[in-house]
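Visitor:
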Amino acid sequence: MSVIDWVVLILTLVVIVVYGIYKSRGTHNIQGYLLGNQSLPWYHVSLSVMATQASAITFLSAPGLAYSSGMSFVQFYLGLPLAMIVLCITFVPIFHRLKVYTAYEYLEQRFDLKTRALTAFLFLIQRGLSTGITIYAPSIILSTILDINTTYTTLFIGSLVVCYTVYGGTKAVSYTQMLQMSIIFCGLFAAGVMVVHLLPADIGFGRAISIAGKMGRANAIDFKLDLNNQYTVWTGLIGGFFLQLSYFGTDQSQVGRYLSGASISQSRLGLLMNGLVKIPMQFLILLIGVLVFTFYQYNRPPIFFNSFELNKLEKSKYAPELSVIKADFEKAFEEKQVVVEQMNVALEQDDQAMINAHRKTLQVADEKEKSIRTKVTDLMVKNDEHANTKDNNYIFLSFVTQYLPQGLIGLLIAIIFLASMGSTASALNSLASTTVIDIYKRLIKKDASDHQYLQASRIATVFWGVICIVMALYASKIGNLLEAVNILGSYVYGTILGVFLVAFYVRHVNGRAVFFAALAAEMLVIVIGQLELVAYLWLNVIGCMLVVVFSVIIQKLLRKQRITIQ
Amino acid sequence: MEQDKQPGQPEKQELPPFVKTWKQFYALLIGWLVLLVLLFYAFTKYFE
């Protein structure tokens, strides 16, 4: 990176942190620290909710995913607007009217203390572990790009977030997230404009998408009912709905965001605006990936986008084999370039027969390129069985650092830092809220002063910050920790959502029934998960359904038992 | 803009913008979702 890029990067980060601290000054009570005095307008809520959900990986993976397999990932978000509606009708009014600090606090009012403690405990374990990964994942990518040790990038991201989150609480999180999202939107828009600008003079925006579309990259919608296909309209609408509902409705990192709204209406409006904006936003991020794909039809891409892994292979005993594969790759690229140009001419002349003929040739060329890349990854595994053979996260950053002008590179690297900081800050704030409100205040020290609870919240934020940074540092030692944390989330989310659904919709079930139902469901989910009977994402649905069914059954049994005793 | 809520202050019952009731806003969001699916479908068909 050039000096200008470093200046832009550091300036952006400093401005955001100082702005967050400045706007959150004067936070002197627990309500202000954890809920921002419930004073924030809808646009704050909306941007905060978006920033919490969008981790750094969102901005790195999505363009890379569009580059490799097209735009079908946009369907993953189709259930989100529907989940927002259910949240606005049920969750938001209840949480606001009962003036709860955390979602789990409501469960004590509806059921009992043990149900509240159980769900809070499950949340703390799941969120505490996954936040480490939220810091670690972009750290490792940034360390590759910036050529800095992962430990430093991890410590830098982690400690910066801890500083402003500890000082300003929810308000600092929300204000920094608002600015972060504004910079992220501007940076991505500039990147999109630059990609089009860097294309050959005769290739405009529409033509660029047409060429990518002929190679299967404009596949935004798929109506086929295929259970093995991860991204279709149906998996997005049904599976996505359950996933988003459990995430937004029961994960305190999101609940805390919309509880800071000035009123039910402001929280509702914030969530509904998220429902309006999220899908087009993801579509545009994926579109940038598609444009980058077309760019690389005219400019030879690296054979593998993760330069760290490629360099490792180049220095190994497999270097001669790699050279042969590279030569094949160059030849295949040149052959493909000829067909791309022929396709461009056919599109210019609107010659349908030629378009169809070239489409087939292009698809074959694309597959050939993919198979050559597979040979490289096979070689990487031969050289080092722990090698990272997925380079999706590196595609967009590789393009940014190689082709974008000075200044914009610094801004886009800043975006990766900001996205990571936004979701980490929300997570730390929610972990502190749950620790203090659901555990400390309820079980350990019931009659402390407001000031003591405020201090406890700050200490809890530091505590979780340290845990998450240590987790992130430790993550580099374990290869598949990211997947392990995702699996752990699926073990827990379904059960928690099930408890909330029973609370809202099955009014006759009481605390005792739902508590034992949740325990039984959780144990069964663990058994099913350990036996690998289904793909781990299905554990969310199974856990949720089991809690609902078990609650109803146990409630009936308890009633029968009571009648018998009487 | 931002205004801190005082203890005991009653919850504001604001109406949504552009429409008269929240139900209409929800219908608007569902309509928006349907429109997006149709637009994405048209996008897929046009560029494939």
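Chains as they are written, first to last, in this note's numbering: chain R, 1124 to 1689; chain H, 45 to 92.
In this text, a Cβ means the ideal position worked out from N, Cα and C, and glycines have one as well.
None of these values were measured; they are calculated from a predicted model.
Please return the same chain residues whose Cβ sits closer than 6 Å to the Cβ of residue 1231 of chain R, not counting the five positions on each side in sequence.
Guide: Around residue 1231 of chain R: 1239.
Visitor: Taking 8 Å as the threshold (beta carbon to beta carbon), is residue 1553 of chain R in contact with chain H?
Guide: Not one chain H Cβ lies under 8 Å of residue 1553 of chain R.
Visitor: Give me the DSSP bridge partner(s) of residue 1163 of chain R.
Guide: According to DSSP, residue 1163 of chain R bridges with R:1384.
Visitor: Span of the alpha helix (DSSP H) holding residue 1282 of chain R?
Guide: Counting along the chain, the alpha helix (DSSP H) containing residue 1282 of chain R begins and ends at 1273 to 1321.
Visitor: So residue 1123 of chain R contacts chain H; which residues on that side make the cut at Cβ distance below 7 Å?
Guide: With chain R running from 1124 to 1689 in the structure shown, residue 1123 of chain R is simply not present.
Visitor: Please report how far the alpha carbon of residue 1553 of chain R lies from the alpha carbon of residue 1682 of chain R, in whole angstroms.
Guide: Cα to Cα, the separation comes out at about 37 Å.
Visitor: Please classify residue 1408 of chain R: does DSSP put it in a helix, a strand, or coil?
Guide: If DSSP states are grouped into helix, strand and coil, residue 1408 of chain R belongs with the helices.
Visitor: Quick check: the segment 1376 to 1393 of chain R against the segment 1472 to 1488 of chain R, are there 3 or more CB pairs under 8 Å?
Guide: No, because fewer than three Cβ pairs between the segment 1376 to 1393 of chain R and the segment 1472 to 1488 of chain R fall closer than 8 Å, the two stretches do not touch.
Visitor: Quick check on residue 48 of chain H: buried or exposed, where buried means 16 or more other Cβ atoms within 10 Å of its Cβ?
Guide: Summary for residue 48 of chain H: the model assigns pLDDT 44, below 50, so the residue's position carries little reliability, and this model does not support an answer.
Visitor: So, are the CB atoms of residue 1436 of chain R and residue 1503 of chain R less than 8 Å apart?
Guide: Contact flag set, yes.
Visitor: Determine the direct distance from the alpha carbon of residue 1426 of chain R to that of residue 1432 of chain R, and round the result to whole angstroms.
Guide: Going from the Cα of residue 1432 of chain R to the Cα of residue 1426 of chain R covers about 11 Å.
Visitor: Mind reading off the beta-carbon distance from residue 1625 of chain R to residue 1615 of chain R? Whole number of angstroms is fine, and I expect it under 8 Å.
Guide: Rounded, the Cβ-Cβ distance is 16 Å, inconsistent with contact.
Visitor: Using a C-beta cutoff of 8 Å, does residue 69 of chain H count as contacting chain R?
Guide: Yes, contact with chain R.
Visitor: Taking the Cβ atom as the reference point for each residue, do residue 1157 of chain R and residue 1580 of chain R lie within a distance shorter than 8 Å?
Guide: Contact flag set, yes.
Visitor: Take every Cβ of the segment 1282 to 1292 of chain R, pair it with every Cβ of the segment 1569 to 1584 of chain R, and state whether three or more of those distances are shorter than 8 Å.
Guide: The segment 1282 to 1292 of chain R, when compared against the segment 1569 to 1584 of chain R, does touch it at the 8 Å Cβ threshold.
Visitor: Among R:1663, R:1152, R:1379, R:1620, which has the Cα closest to the Cα of residue 1176 of chain R?
Guide: Selected option, being the one with the closest Cα: R:1379.
Visitor: When Cβ atoms are compared, which residues of the segment 1391 to 1408 of chain R fall closer than 9 Å to chain H?
Guide: Cβ contacts with chain H come from 1391, 1392, 1395, 1398, 1399, 1402, 1403, 1406.
Visitor: Name, please, each residue of chain H whose Cβ falls closer than 9 Å to the Cβ of residue 1336 of chain R.
Guide: 87, 88, 90, 91, 92, listed in chain order.
Visitor: Scan the segment 1199 to 1227 of chain R for residues whose Cβ lies nearer than 8 Å to a Cβ of chain H and list them as they occur along the chain.
Guide: Listed by position along the chain: 1201, 1204, 1205, 1207, 1208, 1211, 1212, 1219, 1220.
Visitor: List the residues of chain R whose Cβ lies closer than 8 Å to the Cβ of residue 73 of chain H, in chain order.
Guide: Residues of chain R passing the Cβ test: 1204, 1207, 1208, 1395, 1398, 1399.
Visitor: Taking 7 Å as the cut-off, is the CB of residue 1366 of chain R close to at least one heavy atom of the ligand HEM?
Guide: By its list of ligands, the structure shown contains no ligand whatsoever, and the ligand HEM lies outside what it can speak to.
Visitor: Check each residue of the segment 1275 to 1309 of chain R: if its Cβ is closer than 7 Å to any Cβ of chain H, include it; give the result in chain order.
Guide: Flagged: no residues at all.
Visitor: Does DSSP classify residue 1151 of chain R as helix, strand or coil?
Guide: In this structure, residue 1151 of chain R counts as coil in the three-state DSSP scheme.
Visitor: Show which residues of chain H have a CB atom less than 7 Å away from the CB atom of residue 1333 of chain R.
Guide: The answer, in chain order, is 91.
Visitor: What's the gap between the Cα of residue 1365 of chain R and the Cα of residue 1528 of chain R?
Guide: Going from the Cα of residue 1365 of chain R to the Cα of residue 1528 of chain R covers about 42 Å.
Visitor: Short of 8 Å in beta carbon distance, which residues of its chain neighbour residue 1334 of chain R, apart from the five on each side in sequence? Order them along the chain.
Guide: These residues qualify, in order along the chain: 1326, 1417, 1420, 1463, 1466, 1467, 1470.
Visitor: Please name the residues in the segment 1354 to 1370 of chain R whose beta-carbon is closer than 7 Å to at least one beta-carbon of chain H, in chain order.
Guide: Cβ contacts with chain H: 1356.
Visitor: Name the chain H residues that come within less than 8 Å of residue 1494 of chain R, Cβ to Cβ?
Guide: Those do not exist, as residue 1494 of chain R stays about 23 Å from chain H at its closest Cβ, beyond 8 Å.
Visitor: So, are the CB atoms of residue 1551 of chain R and residue 1288 of chain R less than 8 Å apart?
Guide: A contact, by the Cβ cut-off of 8 Å.
Visitor: Do you know how far the Cα of residue 1576 of chain R is from the Cα of residue 87 of chain H?
Guide: Going by the C-alpha atoms only, they are around 53 Å apart.
Visitor: Going along chain B in order, which residues have a C-beta closer than 8 Å to the C-beta of residue 81 of chain H?
Guide: Absent from the structure is chain B; the protein chains it does hold are R and H.
Visitor: Give the straight-line distance between the Cα atoms of residue 1676 of chain R and residue 1630 of chain R, rounded to the nearest whole angstrom.
Guide: So the alpha carbons of these two residues sit roughly 14 Å apart.
Visitor: If you scan the segment 1518 to 1591 of chain R from start to end, which runs of the alpha helix (DSSP H) of 4 or more residues do you find wholly inside it?
Guide: Whole alpha helix (DSSP H) segments, 4+ residues: 1531 to 1556.
Visitor: Buried or exposed, going by whether 16 or more other CB atoms sit within 10 Å of the CB of residue 1535 of chain R?
Guide: Label assigned to residue 1535 of chain R: buried.
Visitor: What does residue 1197 of chain R reach in chain H if we use C-beta pairs closer than 8 Å?
Guide: What residue 1197 of chain R touches in chain H: 84.
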